[in-house]
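S.K.: The numbering of the sequence shown is the working numbering, which starts it at 1 and goes up by one. Just passing along the structure, written as structure tokens.
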Amino acid sequence: LEKLKKECFVNFLVSFLEIFEELIEIFDFNLLFFNNDIDNLLLYYETPVELEFIPFAGGKLGDKFINSFYVSKNLVTIYQYLVFVNAGGYLNKEYWSEDGYYWLKYTNVSSPRNWYLIENEWMVSNVPISNVYNTPVSKISYYEAEACAKFYNCEIYNEDERDWVYTNRNKTNFPTGIKS
């Protein structure tokens, strides 16, 4: 695990989460899945999943070589982000980059924008957090994602690594694998 710390990446996909949140509302939290394998559907009411990493082979992307790395198997869930929050992630300066800490102090946030603490229970968009543990965390900034990744001894992948993942190791020009 120590070896993985510098080579693993957390799948936040922050911009994607805004779109995914709309899908959650459409499906009314009935059934959510995080990968294309129908046998591995995660129901929102299941036991929270732990952060798990899988290897992702490197290769050539244009004129650049992408080293192999580990990536989180699923998008970071609300439960996994809650672990960061409960561990004092917003209070511990060591998790924040210089710019991120400045942003944190300037905005004075202490949780994602759609989380509210009501009578000592977290609510996510007016739903008890325990009902949506396995849904992807949303309404976080890049800096919050970066701090949470550091909490898990990881980092957010860079643009080239993201493109490598999104293009299925450069096997398709289309991030979804489907020509739109």
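A virtual CB, placed ideally from N, CA and C, is assigned to each residue, including glycine.
For Y116, name the three-state secondary structure that DSSP assigns.
M.R.: Three-state result, Y116: strand.
S.K.: Given the structure, does I66 come close to the ligand ATP, in the sense that its CB is under 6 angstroms from one of the ligand's heavy atoms?
M.R.: As presented, the structure is devoid of all ligands, the ligand ATP included, so that no description of it is given.
S.K.: By the three-class DSSP mapping on this structure, what secondary structure does F33 have?
M.R.: Its pLDDT being 37, under 50, F33 is placed unreliably in this model, and the coordinates cannot settle the point.
S.K.: How about M123 and Y116: do their beta carbons lie closer than 7 angstroms?
M.R.: Result yes, Cβ atoms of M123 and Y116 sit closer than 7 angstroms.
S.K.: Along the chain, which unbroken stretches of the beta strand (DSSP E) at least 3 residues long are found entirely within the stretch 57 to 98?
M.R.: Listed in chain order, the complete beta strand (DSSP E) runs (minimum 3 residues) inside the stretch 57 to 98 are 59 to 61, 64 to 66, 69 to 72.
S.K.: Using CA atoms only, rank isn't needed, just tell me which of I129, S130, Y142 is closest to D99.
M.R.: The option with the nearest alpha carbon to D99 is Y142.
S.K.: Per DSSP, what kind of secondary structure is I129 in: helix, strand or coil?
M.R.: Three-state DSSP puts I129 in a helix.
S.K.: Determine the DSSP secondary structure at E52, reduced to helix, strand or coil.
M.R.: Reduced to three states, the DSSP call for E52 is coil.
S.K.: Let's see if you can read the secondary structure: which residues bound the beta strand (DSSP E) around E121?
M.R.: Taken as a continuous stretch (DSSP letters only), the beta strand (DSSP E) holding E121 covers 121 to 124.
S.K.: Please determine, among E94, T135, V85, Y90, the residue with the shortest C-alpha to C-alpha distance to V49.
M.R.: Selected option, being the one with the closest Cα: T135.
S.K.: Work out the CA separation of E121 and I129 for me, nearest whole Å.
M.R.: Their Cα atoms are separated by approximately 8 angstroms.
S.K.: Could you tell me which of K73, Y81, S68 sits nearest to K60, measuring between CA atoms?
M.R.: It is S68.
S.K.: Buried or exposed: E93, going by 16 or more other Cβ atoms within 10 Å of its Cβ?
M.R.: Reading off the sequence shown, one finds Lys at residue 93, where the question assumed Glu. K93 should be labelled exposed.
S.K.: What residues in its chain sit with their C-beta under 8 angstroms from that of S111, if we drop five residues either side in the sequence?
M.R.: Contacts found: V85, Y90, L117, W122.
S.K.: Can the beta-carbon of A147 be found less than 7 angstroms from the beta-carbon of E155?
M.R.: Result no, Cβ atoms of A147 and E155 do not sit closer than 7 angstroms.
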